[in-house]
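Residue numbers (our numbering): 8 to 195. Structure first, then comments.
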């Protein structure tokens with residue numbers, strides 16, 4: 008037994024009470040449609056609303072290069088997820104045929120919402136992966152910079168002294184070799 012069968016049985020059992028119940032359901036249904044529209048209208052961030060209009064666009068740049076050959080970006084297109092964009096219409100009475108039509112509209116709207124959610128979820132994953140990569144790169148660069156700046160002065164002083172000693176020894180060795188060559192030449 009489906010929902011239509013249950014609705015039919017209820018209608019036949021108590022038509023007067025059912026009329027009052029149906030009017031309450033009509034009012035609730037139309038109120039929910041208004042809430043959907045308000046939610047879609049209020050869902051913006053930094054002036055961009057991706058669920059209120061299919062003409063909305065957002066471009067997320069992943070690097071500082073803006074020329075066409077080297078830029079890396081993600082372009083997002085909005086969706087119209089308002090009640091009219093989902094093709095859900097208000098109801099005036101809840102006859103059996105109108106109830107069935109509304110159920111069909113809701114089923115189609117649910118499919119549209121799932122597709123939009125999947126698309127937004129995929130784009131979110133892309134942005135989060137890039138964010139994690141960027142954080143890891145920043146941490147690596149920061150560690151390298153810290154290692155350069157926070158070098159051990161004693162160790163670096165010892166390295167400098169060793170380098171100066173090597174230079175003096177090589178200069179002395181060259182001088183001695185030159186003197187030895189001159190001494191050999193004087194013998195002749």
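Every residue, glycine too, gets a C-beta built ideally from N, C-alpha and C.
Secondary structure in the segment 86-120: no beta strand (DSSP E) run of 3 residues or longer lies completely within the stretch. If you check the CB distance, residue 62 and residue 55 do not come in under 9 Å. In the DSSP assignment, residue 81 falls within the beta strand (DSSP E) that extends over 80-84. Taking all protein chains shown into account, residue 98 has 16 or more neighbouring C-beta atoms within 10 Å of its C-beta and is therefore buried.
Take the alpha-carbon of residue 39 and the one of residue 151: they are about 56 Å apart. The C-alpha of residue 119 is placed about 24 Å away from the C-alpha of residue 34. For the pair residue 82 and residue 67, the CB atoms are nearer than the 9 Å cut-off.
Straight across, the Cα-Cα distance linking residue 88 with residue 77 is about 34 Å. Residue pairing by DSSP puts residue 52 in a beta bridge opposite 55.
DSSP places residue 190 outside any beta strand (DSSP E); the residue lies instead in the alpha helix (DSSP H), whose first and last residues are 160-194.
According to the DSSP secondary-structure assignment, residue 68 is paired through a beta bridge with 80. If you draw a straight line from the Cα of residue 105 to the Cα of residue 96, it is about 10 Å long. Burial state of residue 86 is buried, judged by a 10 Å Cβ sphere holding 16 or more other Cβ atoms. DSSP places residue 75 in the coil class of the three-state scheme, outside both helix and strand. DSSP places residue 157 in the coil class of the three-state scheme, outside both helix and strand. In the structure shown, the three-state DSSP call for residue 26 is helix.
Looking at 72, 190, 194, 25, the one whose alpha-carbon comes closest to that of residue 103 is 25.
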